[in-house]
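Notes follow the structure.
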Amino acid sequence: MFRHWRRVALGALVGAGTYGLATAGLAGAASAHPSVQLRVCNDASVTQTFHIDGTNQYGHTAQWRDRQIGPHSCMTTANWWWATGKIAVVHHRSSAHPSWATDNHMIWSDTPNGITVSAHMRVNGYMDGYVCLEGQRDGSGCGTSDLNAVG
Numbered sequence: 116m117f118r119h120w121r122r123v124a125l126g127a128l129v130g131a132g133t134y135g136l137a138t139a140g141l142a143g144a145a146s147a148h149p150s151v152q153l154r155v156c157n158d159a160s161v162t163q164t165f166h167i168d169g170t171n172q173y174g175h176t177a178q179w180r181d182r183q184i185g186p187h188s189c190m191t192t193a194n195w196w197w198a199t200g201k202i203a204v205v206h207h208r209s210s211a212h213p214s215w216a217t218d219n220h221m222i223w224s225d226t227p228n229g230i231t232v233s234a235h236m237r238v239n240g241y242m243d244g245y246v247c248l249e250g251q252r253d254g255s256g257c258g259t260s261d262l263n264a265v266g
């Protein structure tokens, strides 16, 4: 009898674990607050290190830290969801510009829940760099000229 219940309990645990893995990517859609994932793109010709601070889908402060992204590459904050209607703070640096630069970006509250928004980072000779969120309506988004201004 005990063996039977142990098998039932083990089956329930395996089933719950499998369900959790299968639904992990749905965090934004099933969360307390509408949220998006960020896709961070390094449009510069050097590797850069990124940190993102912001509010997650549960209304808590979250930090995506120490992610190195190679030149002309992107990385999605997979399973990290950022609440809409809040500011995401993107910190970045490279070996060419070792001091941290910081950019604040509003993720507008009318941004569709559950999508991925791209953040592009560039470095040029006149400034440490800047980040723009594609599709942002405040004018800080990546316009056509910005997308071509790779440093």
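Under this note's numbering, the residue at position 139 of the sequence shown is numbered 254, and the numbers go up by one with no gaps. We put the beta carbon where it would ideally sit given N, CA and C, even for glycine.
Out of W223, Q178 and S214, which has the shortest C-alpha to C-alpha gap to V204? Taking only the C-alpha atoms, the option nearest V204 is Q178.
Can you tell me the Cβ-Cβ gap for A234 and R154, rounded? I've got them flagged as a contact below 8 Å. Yes, they are in contact, since the Cβ atoms of A234 and R154 sit about 7 Å apart, within 8 Å.
Mapping DSSP to helix, strand and coil, what is V204? Three-state DSSP puts V204 in a strand.
For S150 versus W196, is the C-beta spacing smaller than 8 Å? Yes, the Cβ-Cβ distance between S150 and W196 is below 8 Å.
Distance between beta carbons of G185 and N112, contact taken as under 8 Å: The chain is shown only over 116 to 266; residue 112 falls outside these bounds and no answer can be derived.
List the endpoints of the continuous beta strand (DSSP E) containing G169. Under the DSSP assignment, G169 falls in the beta strand (DSSP E) whose first and last residues are Q163 to T170.
M190 and I202: beta carbons closer than 8 Å? Cβ atoms of M190 and I202: not closer than 8 Å.
Please name the residue in G229, Q183, H175 and Y173 whose C-alpha comes closest to that of A159. Of the candidates G229, Q183, H175 and Y173, the one whose C-alpha sits nearest the C-alpha of A159 is Q183.
Going by other Cβ atoms of all chains shown within 10 Å of its Cβ, with 16 needed for buried, is N161 buried or exposed? Strictly speaking, residue 161 in this sequence is Val, with Asn absent from that position. By the neighbour-count definition (other C-beta atoms within 10 Å, threshold 16), V161 is an exposed residue.
Integer-rounded CB distance, given that Q163 should sit under 8 Å from H207: Confirmed, Cβ separation roughly 5 Å.
Do T231 and Q152 have their C-beta atoms within less than 8 Å of each other? Yes.
Inter-residue Cα distance where the pair is S210 and I167: Going from the Cα of S210 to the Cα of I167 covers about 19 Å.
Have a look at P213, F165 and G229 and flag the residue whose alpha-carbon is nearest the alpha-carbon of S188. Ranking the options by Cα distance to S188, first place goes to F165.
DSSP has D218 in a bridge; who is on the other side? For D218, which the question treats as bridged, DSSP gives the partners V205.
How far does the beta strand (DSSP E) with A159 in it reach, from first residue to last? No beta strand (DSSP E) contains A159, which DSSP labels as neither H nor E.
Work out the CA separation of T192 and A147 for me, nearest whole Å. Cα-Cα distance, rounded: 19 Å.
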